[in-house]
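Here the structure is laid out as structure tokens; the discussion comes afterwards.
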Amino acid sequence: GAGVSQSPSNKVTEKGKDVELRCDPISGHTALYWYRQSLGQGLEFLIYFQGNSAPDKSGLPSDRFSAERTGGSVSTLTIQRTQQEDSAVYLCASSPAGGRVEKLFFGSGTQLSVL
Amino acid sequence: QKEVEQDPGPLSVPEGAIVSLNCTYSNSAFQYFMWYRQYSRKGPELLMYTYSSGNKEDGRFTAQVDKSSKYISLFIRDSQPSDSATYLCAMSLNNNAGNMLTFGGGTRLMVKP
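First to last, the protein sequences are chains A and B. Residues in the first sequence are numbered consecutively from 1, following the working numbering. Residues in the second sequence are numbered consecutively from 116, following the working numbering.
Shown next, in the form of structure tokens:
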């Protein structure tokens with residue numbers, strides 16, 4: 001079946017603009033995660049959704065970052081007033097109900113470049 | 116100091132070599148340990164998963180966890196050019212929904228034909 005789909009695959013924006021990143025999880029997966037991967041760095045946890053609710057927003061780096069999930073499926077990550085330090089690969093992952101770590105599947109990510 | 120440390124490499128080996136990749140960590144509460152493989156412009160994919168201390172083997176891959184030393188390893192036997200990728204270690208406190216993975220920075224491996 002289809003894996004986790006993210007769009008766009010690449011996004012170039014100017015400093016100060018807002019961007020929206022989209023994630024389509026695997027059908028039936030109730031848990032959805034956003035991670036950020038900066039050059040040469042490991043993945044940094046941003047936010048977790050169970051269904052449409054986000055019990056854990058602890059990883060969002062600032063109030064410029066927000067995320068929502070509708071219909072228990074598609075999620076969007078919005079970055080307002082982008083800064084150059086926001087440049088990174090934004091990865092989405094999903095897992096079935098229960099959230100077992102070995103059942104986590106990642107998308108290919110959105111490469112965000114802020115000029 | 117990062118919670119999980121991993122040598123970034125790059126590590127270059129000839130085809131057929133045995134590769135050893137390692138991570139150290141500081142939080143003794145971690146119980147679940149994973150190795151992910153990430154090809155260029157792709158998301159990470161789970162390679163090995165281990166609970167607590169011990170060894171786990173899957174084909175050419177062996178994962179080792181030494182909780183007393185807070186040290187985990189991934190061994191690749193008979194390495195192939197197709198093994199060229201970035202290898203990320205990851206660990207978590209529990210196996211419940213919503214649990215966060217803590218990643219190392221990744222080691223870039225190049226296997227030369």
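Ideal placement from N, C-alpha and C gives every residue a C-beta, glycine not left out.
Beta-carbon proximity list for Y186(B), same chain, < 6 angstroms, skipping 5 on both sides: Here residue 186(B) refers to the residue found at position 71 when the second sequence is read from its first residue. These residues qualify, in order along the chain: T139.
Chain B contact for F65(A) (CB, 7 angstroms cutoff): Position 65 of the first sequence, counted from the first residue, corresponds to residue 65(A). Not a single C-beta of chain B is nearer than 7 angstroms to the C-beta of F65(A).
Below-7 angstroms beta-carbon distance, Y147(B) vs any chain A residue: As a first step, residue 147(B) must be located in the second sequence, where it is residue number 32. With 7 angstroms as the cut-off, Y147(B) counts as an interface residue toward chain A.
Complete runs of the beta strand (DSSP E) confined to the segment 153-225 of chain B [at least 3 residues]: 160-166, 169-173, 176-181, 186-191 and 200-207
Cβ-based neighbour list, G3(A), same chain, cut-off 8 angstroms, excluding 5 preceding and 5 following: By 1-based counting over the first sequence, the position of residue 3(A) is 3. Only I26, F105 and G107 meet the Cβ criterion.
Spatially closest choice to R175(B) from F148(B), E120(B), M206(B) and V134(B), by CA coordinates: Along the second sequence, one-based indexing puts residue 175(B) at 60. The shortest Cα separation from R175(B) among F148(B), E120(B), M206(B) and V134(B) belongs to V134(B).
Same chain, Cβ closer than 7 angstroms to Y154(B), five either side skipped, listed in chain order: Sequence index remark: in the second sequence, residue 154(B) carries index 39 (1-based). Hits under 7 angstroms: A200.
Residue range of the unbroken beta strand (DSSP E) whose run includes I79(A): Residue numbering aside, residue 79(A) sits at position 79 when the first sequence is read from its first letter. Taken as a continuous stretch (DSSP letters only), the beta strand (DSSP E) holding I79(A) covers S75 to I79.
Euclidean distance between Cα positions of S207(B) and M215(B): The residue given as residue 207(B) occupies position 92 in the second sequence. The residue given as residue 215(B) occupies position 100 in the second sequence. S207(B) and M215(B): Cα-Cα distance of roughly 6 angstroms.
Contact with chain B by E102(A), beta-carbon distance below 7 angstroms: Mapped onto the first sequence, residue 102(A) falls at position 102. At least one chain B Cβ lies under 7 angstroms of E102(A).
Chain A within 7 angstroms of S207(B), Cβ atoms only: Stepping through the second sequence from its first residue, residue 207(B) is reached at position 92. It does: the Cβ of S207(B) has a partner Cβ on chain A nearer than 7 angstroms.
Bridge partners - L115(A), DSSP secondary structure assignment: As a working note, residue 115(A) is residue 115 in the first sequence. None; L115(A) has no bridge partner.
6 angstroms CB neighbourhood of E120(B) in its chain, flanking five on each side removed: For the purposes of this step, residue 120(B) is taken as residue 5 along the second sequence, with counting starting at 1. If we look at E120(B) and ignore the five residues flanking it on each side, its Cβ neighbours are T139.
Residue closest to A178(B), alpha-carbon to alpha-carbon, out of F148(B), E160(B), R156(B) and P159(B): To locate residue 178(B), count along the second sequence from 1; it is residue 63. For A178(B), the nearest C-alpha among the options comes from F148(B).
Inter-stretch contact at 8 angstroms, needing at least 3 Cβ pairs: the segment 11-18 of chain A / the segment 33-47 of chain A: no
Short-range partners of chain A found in the segment 156-168 of chain B, where Cβ spacing is below 9 angstroms: R156, K157, G158, P159, E160, L161 and Y164
is_contact[S108(A), chain B] using C-beta, thresh 7 angstroms: As a working note, residue 108(A) is residue 108 in the first sequence. Taking Cβ atoms only, chain B reaches closer than 7 angstroms to S108(A), which makes this a yes.
Contained beta strand (DSSP E) runs [length at least 3] in the segment 9-67 of chain A, N- to C-terminal order: Listed in chain order, they are 10-13, 19-24, 31-37, 43-50 and 53-56.
Short CB-CB distance (under 7 angstroms) between F218(B) and chain A: By 1-based counting over the second sequence, the position of residue 218(B) is 103. For F218(B), the answer is yes, since a Cβ of chain A falls inside 7 angstroms of its Cβ.
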